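Working notes for the structure below.
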């Protein structure tokens, strides 16, 4: 399996706040950078309306 590219969905361990525990969760590959680096966005099914509005605004800033 090769390096994931932008648009791929991967599953990997995301740590919790204490950095000791975590769960395997899906993430969207936003960008594949040189070397082994990736920019990821965790995928969740639970998001509040206010957070969704904030995310949409930030995405508009990035891509317009």
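In the numbering used here, the protein residues as written are 18 to 81. A virtual CB, placed ideally from N, CA and C, is assigned to each residue, including glycine. All values derive from a computational prediction rather than experimental measurement.
Counting only residues of its own chain and dropping the five nearest sequence neighbours on each side, residue 43 has a CB closer than 6 angstroms to the CB of 26, 28 and 60. The DSSP-derived three-state label of residue 63 is coil.
For residue 49, the uninterrupted beta strand (DSSP E) segment begins and ends at 39-49. Straight-line spacing of the CA atoms in residue 53 and residue 45 works out to 16 angstroms. Pairing residue 51 with residue 39 gives a Cβ-Cβ distance that is not under 8 angstroms.
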